[in-house]
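Novice: Structure provided below as structure tokens; questions to follow.
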Amino acid sequence: MFRYFIANILGKASALALKIMKRRIPYYPGYIALKICPDYLKYVKKPKTIIAVTGTNGKSTLCGILNDYFTSQGLYVINNKGFNIETGIAAMFLSQKRRADVAIIEIDEQTTDKLFKYITPTYYICTNLFRDSMKNNSNIDYNLSLIKNSIPQHTKLVLNADDLYTVALGEKKDNIYFGISSKYDHGYASHIFSDLVYCPKCGSKLHVKDTKYFHIGNVECLNCGYTNPTRDYDATISLEEKLLYVSHNGKKYQFPLAATSIFNIYNYLAAISVILELGYSEDSISKFLSSAHLIQTRYRESKVGNLPIIVYMAKGQNPVACSSVFNDVTLHDGKKCLLLMLDDVMDRRDSTETISWYYDTDFELFNNKDIERIIISGARSKDVYVRMLLAGVDKEKISVLDKEEDMASVIPYKDVDKIFVLHDITLYDHSCMVVDKIKEMGEKLW
Amino acid sequence: MVIEILYPEVCNLYGDSGNILVIEKNLSSHNIIKTTLLDEPYFVKHKVDFVYLGSMTPSIEKKVMEKLLPYKDIIKKMIDDGVMFLFTGNALEIMGKSVTFDDGTTTLGLGIFDITSKVDENNRYHSLFLGTYDGLDKDIVGYKCQSSVSSIGNDSLFKVTKELNNASCEGIHVNNFYGTNLLGPILVLNPFFTKQLFAKLGYDGKLFAEDEMIDAYNKRYNELSNENIKL
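Taken in order, these protein sequences are the chains called A and B.
With the working numbering applied, the first sequence closes on residue 854, and no number is skipped along the way.
With the working numbering applied, the second sequence closes on residue 224, and no number is skipped along the way.
Have a look at this one:
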């Protein structure tokens, strides 16, 4: 306990020092606390409601939605905001001014065993499981086993019924399943790979009834009958009405559709499921969703003249995240100009980045007549160019540049209806700079 | 010419679909057979000139080993007869005596090469790679991401110039069997090697996007040659 008190004092002091120095290293106070007291998380004041979120994609977005909702209800919420390993989680608890009402904890798949030694979440959501970064996550089998072997006994799992890998986490428990039973017309099935081809039970080829994206969807084994579990929160999407209908226990709820991307609809559905489980009203959720927006670092829109600039984070080394964003871009109307910045800024500083994930990513989606120009920049731009050509993209449409700074000057402003900036998670600041340059250039034209 | 791609629907980890893309883009005038995990390999009953197998998850690796084990004598004879094989990533392990997986189980390999492998997912090995290939004046570039360690004897494919573990050799090369742990995808990252490999199959044209691949190769080679590169 003595170590805990010292860790608390020095951790908070380091947070104050960072604030004075105007340095933004949110996990650092947690690093200090854990250095002094390795089992710091055992002693922290734990809120009554703890919602943990893991999975390959959507963790930060889902946590952001939950954080915003509970805050909108007047509760004191703590959230580790993407800093999803032990240090970030410790820093989150350090930041508590008093015992919080709710903790929303994003957890990296490889941190689950360390965290759950000390913390038992009320609800534990797994968004989805896919192949991910080769370096960090090895393969989907490995991630599945890491999560599965660390689930606390008394936590309630909230699982994506449309992802049979996620479903495999909860085979022995009374779980809550969310999913979308209606067809989704904007999905595509011709991915360069699928992580789920054969039945996990008998090994026969799975029959895909409908695909939402990658292996997420309604599937059935025609040999042994294995299929998605019954959805406790069963959603139907109406893109025309911009509504999400959710059936639960015989009751039908209706919510504004706060996003049109299928992967974000799943994020909203997971949030709705947990919020309803906690007994909050349909009205409060509807009111929240009618003005909800995704976190700024993931998606933002602005304009130059009348030309929309849409910025997506396309998480590098993560093929499903990138392919999903690529697909979303192609669903927009009109002629498009794409600016791609997919390098990992940490990697390119002193190494040469692995690019094998390009060949797990659906660049084939850019072989599309509505894409007028593709501008690639960064240390690996020549590799992206080769990938584009192998995907069948017309080389006349592609510009290859070394520096992000130059991208704005080659946009055919008058020939396109929308500009898309797709950037890696580490290039958020660069994306802001590029958008500023686009506005600068564009304003001279209008 | 008949080219057989084994189990592409599941043996496509770490970007090895890129190798398949290169094969398809350049050798499309030939008969390319894609064999699924539920099919009998085409080479069992037909003459095949080139067999490709890519990286896979450990659970798939076990299945592939079980699927191919009954055909080990046929595969051995094909190698002896000079049929070309390219096995990338952990596909190479299948050709060894056994693989011991993280769950403690051991699965018998085809036993064609003197390799034993042990998977340890918690201690994975990552490194950039620079090496040489006999008879090619351009170096080989690539990456390694291994959750298993294989004890490889003689008959290496590449000599190592740079790698984190200071190994001296990489992969296996026996007759026309080419096995390597290198990822990349190797055929995309190494257009000169790819060209030489395809030439052995009788392909003497220019590779699809060859100039662009060489451009990307030169940039990567220069980076890897830098003595300050973080491997």
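Think of the CB as a built atom: it goes at the ideal place given N, C-alpha and C, for glycine as much as any other residue.
It should be emphasised that the depicted structure is a prediction, and the values quoted were computed from it without experimental measurement.
1. Using CA atoms only, rank isn't needed, just tell me which of A:C745, A:A508, A:K420 is closest to A:K857.
2. Can you name the residues that DSSP bridges to A:P664?
3. Do A:V737 and A:L835 have their CB atoms nearer than 8 Å?
4. Please compile the residues from chain A whose C-beta is within a distance smaller than 7 Å of the C-beta of B:G8.
5. Rounded to whole angstroms, what's the CA-CA distance from B:L194 to B:S22? Just pull it up for me.
6. On a CA-only basis, which of A:M849, A:K847, A:Y766 is nearest B:Y7? Give me that one, please.
7. What distance in whole Å lies between the Cβ atoms of A:L474 and A:I497, which are believed to be in contact at a cut-off of 8 Å?
8. Which class does A:Y621 belong to by DSSP, given the choice of helix, strand or coil?
9. Between the C-alpha atoms of A:D516 and A:N545, what's the straight-line distance to the nearest angstrom?
10. Give me the subset of the stretch 41 to 52 of chain B whose CB atoms are less than 8 Å from a CB atom of chain A, sorted by chain position.
11. With respect to the beta strand (DSSP E) encompassing A:M721, which residues constitute its N-terminal and C-terminal limits?
12. So, using beta-carbon positions, are A:F663 and A:I693 closer together than 8 Å?
13. Please report how far the alpha carbon of A:T644 lies from the alpha carbon of A:G658, in whole angstroms.
14. Report the CB separation of A:T574 from A:L537 in whole angstroms; it is logged as a contact under 8 Å.
15. Compute the distance between the beta-carbons of B:K90 and B:G102, then report whether it is under 8 Å.
16. In chain order, which continuous runs of the beta strand (DSSP E) of length 3 or greater are located wholly inside the stretch 153 to 194 of chain B?
17. With a threshold of 8 Å on Cβ separation, who are the neighbours of B:E86 within its own chain once the five nearest residues in sequence on each side are excluded?
18. Which two residues bound the contiguous beta strand (DSSP E) that contains B:I26?
19. Roughly how many whole angstroms lie between the Cα atoms of A:Y585 and B:L14?
20. Helix, strand or coil for A:R432? Go by DSSP, reduced to three states.
21. Short of 8 Å in beta carbon distance, which residues of its chain neighbour A:K543, apart from the five on each side in sequence? Order them along the chain.
22. Consider the Cβ of A:Y621: report whether some Cβ of chain B lies at a distance smaller than 8 Å.
23. Judging by CA-CA distance, which residue of A:I486, A:V654, A:A425, A:R432 is the nearest neighbour of A:L684?
24. Excluding the 5 residues preceding and the 5 following A:L630 in the sequence, name in chain order all residues of the same chain whose CB lies nearer than 6 Å to its CB.
25. Taking beta-carbon pairs under 7 Å, can you tell me which members of the stretch 114 to 148 of chain B lie near chain A?
26. Which chain B residues are close to A:V794, counting only those with a beta carbon under 7 Å from its beta carbon?
27. Going by Cα to Cα distance, which pick from A:E780, A:L502, A:N557, A:P434 is closest to A:D741?
28. According to DSSP, simplified to helix, strand and coil, what is A:S785?
29. Contact criterion: CB-CB distance below 8 Å. Does B:I25 meet it with respect to chain A?
30. At 7 Å on the CB atoms, spell out the chain E contacts of A:V605, in chain order.
31. Under DSSP, the beta strand (DSSP E) around A:N487 begins and ends at which residues?
32. Comparing alpha-carbon positions, which option in B:G11, B:L(-1), B:I16, B:M(-6) lies nearest B:L200?
33. Which residues, in chain order, does the stretch 685 to 708 of chain A contribute to contact with chain B at a C-beta distance below 7 Å?
34. Mind reading off the beta-carbon distance from B:L157 to B:G172? Whole number of angstroms is fine, and I expect it under 8 Å.
35. Taking 8 Å as the CB-CB limit, is A:Y550 close to chain B?
36. Looking only at its own chain, which residues have a Cβ that is under 7 Å from the Cβ of B:Q139, when we skip the five neighbours before and after it?
Specialist: Straight from the coordinates:
1. Chain A is shown from 409 up to 854; residue 857 of chain A falls before or after that span and cannot be answered.
2. Here residue 664 of chain A corresponds to residue number 256 of the first sequence, with the count starting at 1. According to DSSP, A:P664 bridges with A:L651.
3. Start at 1 with the first residue of the first sequence, and residue 737 of chain A comes out as number 329. Start at 1 with the first residue of the first sequence, and residue 835 of chain A comes out as number 427. For A:V737 and A:L835, no; Cβs fall outside 8 Å.
4. Position 15 of the second sequence, counting from 1, holds the residue named residue 8 of chain B. Close to B:G8, with beta-carbon spacing below 7 Å, are these residues of chain A in chain order: S764, W765, Y766, Y767, D768.
5. Along the second sequence, one-based indexing puts residue 194 of chain B at 201. Along the second sequence, one-based indexing puts residue 22 of chain B at 29. Approximately 13 Å between the Cα atoms of the pair.
6. Walking along the second sequence from the start, residue 7 of chain B turns up at place 14. The shortest C-alpha separation from B:Y7 is found at A:Y766.
7. Working through the first sequence from its first residue, we reach residue 497 of chain A at position 89. Working through the first sequence from its first residue, we reach residue 474 of chain A at position 66. The Cβ separation is near 15 Å, so there is no contact.
8. For this step, residue 621 of chain A is matched to residue 213 along the first sequence. The answer is strand: DSSP assigns A:Y621 an E or B state.
9. For the purposes of this step, residue 516 of chain A is taken as the residue at position 108 of the first sequence. For the purposes of this step, residue 545 of chain A is taken as the residue at position 137 of the first sequence. Looking at the two C-alpha atoms, the distance is approximately 10 Å.
10. T50, P51, S52
11. On the first sequence, residue 721 of chain A is found 313 positions in, with the first residue counted as 1. Unbroken beta strand (DSSP E) run through A:M721: 715 to 721.
12. By 1-based counting over the first sequence, the position of residue 663 of chain A is 255. By 1-based counting over the first sequence, the position of residue 693 of chain A is 285. In this structure, A:I693 lies closer than 8 Å to A:F663 by Cβ.
13. Translated into positions along the first sequence, residue 644 of chain A becomes position 236. Translated into positions along the first sequence, residue 658 of chain A becomes position 250. Their Cα atoms are separated by approximately 14 Å.
14. Within the first sequence, numbered from 1, the residue matching residue 574 of chain A stands at position 166. Within the first sequence, numbered from 1, the residue matching residue 537 of chain A stands at position 129. Yes, they are in contact, since the Cβ atoms of A:T574 and A:L537 sit about 6 Å apart, within 8 Å.
15. Counting from one through the second sequence, the residue named residue 90 of chain B turns up at place 97. Counting from one through the second sequence, the residue named residue 102 of chain B turns up at place 109. In contact: B:K90 and B:G102 (Cβ atoms closer than 8 Å).
16. 165 to 167, 170 to 173
17. The residue labelled residue 86 of chain B in the question sits at position 93 within the second sequence. Contacts found: E54, V92, G102, I108, S110, S141, S143.
18. Here residue 26 of chain B refers to the residue found at position 33 of the second sequence. Taken as a continuous stretch (DSSP letters only), the beta strand (DSSP E) holding B:I26 covers 24 to 28.
19. Here residue 585 of chain A is taken as the residue at index 177 of the first sequence, counted from 1. Here residue 14 of chain B is taken as the residue at index 21 of the second sequence, counted from 1. In a straight line, the C-alpha of A:Y585 is about 38 Å away from that of B:L14.
20. Along the first sequence, read from residue 1 onward, the residue named residue 432 of chain A stands at position 24. The answer is coil: DSSP assigns A:R432 none of H, G, I, E or B.
21. Here residue 543 of chain A refers to the residue found at position 135 of the first sequence. Answer for A:K543: Q725, T762, listed in chain order.
22. Locating residue 621 of chain A in the first sequence gives position 213, where the first residue counts as 1. False, the Cβ-Cβ gap to chain B never drops below 8 Å.
23. Mapped onto the first sequence, residue 684 of chain A falls at position 276. The option with the nearest alpha carbon to A:L684 is A:V654.
24. Indexing the first sequence from 1 puts residue 630 of chain A at position 222. If we look at A:L630 and ignore the five residues flanking it on each side, its Cβ neighbours are H615.
25. E114, R117, H119, L121, Y136, C138, S140
26. The residue given as residue 794 of chain A occupies position 386 in the first sequence. V181, A202, E205, M206, A209, listed in chain order.
27. On the first sequence, position 333 is the one that residue 741 of chain A refers to. The shortest Cα separation from A:D741 among A:E780, A:L502, A:N557, A:P434 belongs to A:E780.
28. The residue labelled residue 785 of chain A in the question sits at position 377 within the first sequence. A:S785 falls in the strand class under three-state DSSP.
29. As a working mapping, residue 25 of chain B is identified with position 32 in the second sequence. No, its Cβ sits nowhere closer than 8 Å to a Cβ of chain A.
30. Considering every chain present, this structure includes no chain E. Its protein chains are A and B.
31. Translated into positions along the first sequence, residue 487 of chain A becomes position 79. Its beta strand (DSSP E) spans residues 485 to 487.
32. Here the question's residue 200 of chain B lines up with position 207 in the second sequence. For the residues B:G11, B:L(-1), B:I16, B:M(-6), the minimum Cα distance to B:L200 belongs to B:I16.
33. none
34. Here residue 157 of chain B is taken as the residue at index 164 of the second sequence, counted from 1. Here residue 172 of chain B is taken as the residue at index 179 of the second sequence, counted from 1. Not confirmed; about 20 Å, so no contact.
35. Taking the first residue of the first sequence as 1, we reach residue 550 of chain A at position 142. Cβ-Cβ to chain B under 8 Å: yes for A:Y550.
36. Taking the first residue of the second sequence as position 1, residue 139 of chain B is located at position 146. Within the same chain, B:Q139 has close Cβ partners R117, Y118, N174.
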